[in-house]
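See below for the structure under consideration.
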Amino acid sequence: MATIKPYQRKSAPNIANSTIKPVVSRTKALHEVETQNLVRKQYRTIEGFDVSNEQHFECICWLWFYTFFVAETLDPEVKFLSVSIVSADRQDMVLPIPEDGKPHGLWFTLKEGSQYRLKFTFQVSNNIVSGLRYTNTVWKTGVKVYSTKDMIGTFSPQLEPYTHEMPEETAPSGFMARGSYTAKSKFLDDDQKCHLEINYTFDIRKDWA
1 MATIKPYQRK SAPNIANSTI KPVVSRTKAL HEVETQNLVR KQYRTIEGFD VSNEQHFECI
61 CWLWFYTFFV AETLDPEVKF LSVSIVSADR QDMVLPIPED GKPHGLWFTL KEGSQYRLKF
121 TFQVSNNIVS GLRYTNTVWK TGVKVYSTKD MIGTFSPQLE PYTHEMPEET APSGFMARGS
181 YTAKSKFLDD DQKCHLEINY TFDIRKDWA
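Numbering follows full-length UniProt numbering, in which position 69 of the sequence shown is assigned residue number 69; successive positions increment by one, without gaps.
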């Protein structure tokens, strides 16, 4: 067994006493040389960086490692900032989203027979979120009365929030439609990751609240 000193970086943990087989050592050394050559080639023209400078080169190596090995493995994060109800009959209702996804008490009231749209405002970070979709199930007195699944889309990370409006819907009307409802909304992606689940109650009445 041969004792070697692996490739050292000033900020890396001290693993100088690691013992590995010579063949692994040669393979690792070759990989390090190839990696260094690749980094030098890719970053040779960056203004202000001198790849022949040891400190600059170490900084570039860490940047390259993070870009190609860390950032690419991060899961997308979708943070919903608000849900709004948009209707020509009134001003937009902006509904804040509690951290636990469970609004306390009545979340909103719809006017029977009104036409409205849902508008979502959200941020995407870390990575691309693919196939983000919205599901909603509604119950009245314990009986499921409505269910829908709608595609929102695929979004790349950015600092500015996204805004997405759903297709227009018409609230039920009539004596039997008025009353209190419970509902569960979810936002899932292609990997079946749930980015937000909201359990809430709402009313349908003769007029807006």
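Where is the CB? At the ideal position from N, CA and C, for every residue including glycine.
* Residues that HIS164 bridges to, as DSSP identifies them -> PHE120
* Asked: TRP107 by DSSP, collapsed to three states: which one?
  -> strand
* So what does DSSP say about ILE198, is it helix, strand or coil? -> strand
* Counting only the same chain and skipping the five closest in sequence on each side, list residues whose C-beta sits under 6 Å from that of PRO119. => Here residue 119 is Lys; the residue named in the question, Pro, does not match the sequence. Same-chain partners within the cutoff: SER84, VAL86, GLU165.
* Ignore the nearest five residues each way along the sequence and tell me which others in PRO157's own chain have a CB closer than 8 Å to its CB. => PRO76, VAL124, SER125, ASN126, ASN127, ILE128
* Please name the residue, chosen from GLY101, PRO161, GLU160, LEU110, that lies closest to VAL90 on a Cα-to-Cα basis. => Note that residue 90 is Arg in the sequence shown here, rather than Val. The residue with the shortest Cα to Cα distance from ARG90 is LEU110.
* **Presumed contact (8 Å Cβ cut-off) between GLU197 and GLY101, rounded CB distance** => 5 Å
* To do: Go through its chain and collect everything with a Cβ distance to LYS206's Cβ below 8 Å, but skip five positions before and after it.
  => LYS111, GLU112, ARG178
* Asked: Which residues in the same chain have their Cβ closer than 7 Å to the Cβ of PHE202, if we skip the five residues on either side of it in sequence?
  -> LEU106, TRP107, PHE108, THR109, LEU110, TYR181, ALA183
* To do: Report the partner residues of SER147 according to the DSSP bridge assignment.
  => THR137
* Opposite ILE85 in the DSSP bridges: which residues? -> MET93, LEU118
* **Rounded separation between TYR162 and THR121 - CA only** => 6 Å
* Residues sharing a beta bridge with ASP207, DSSP -> ASP207 is not bridged to any residue.
* **Contacts around GLU168, its chain only, beta-carbon distance under 6 Å, and the 5 residues preceding and following it disregarded** => GLN115, ARG117
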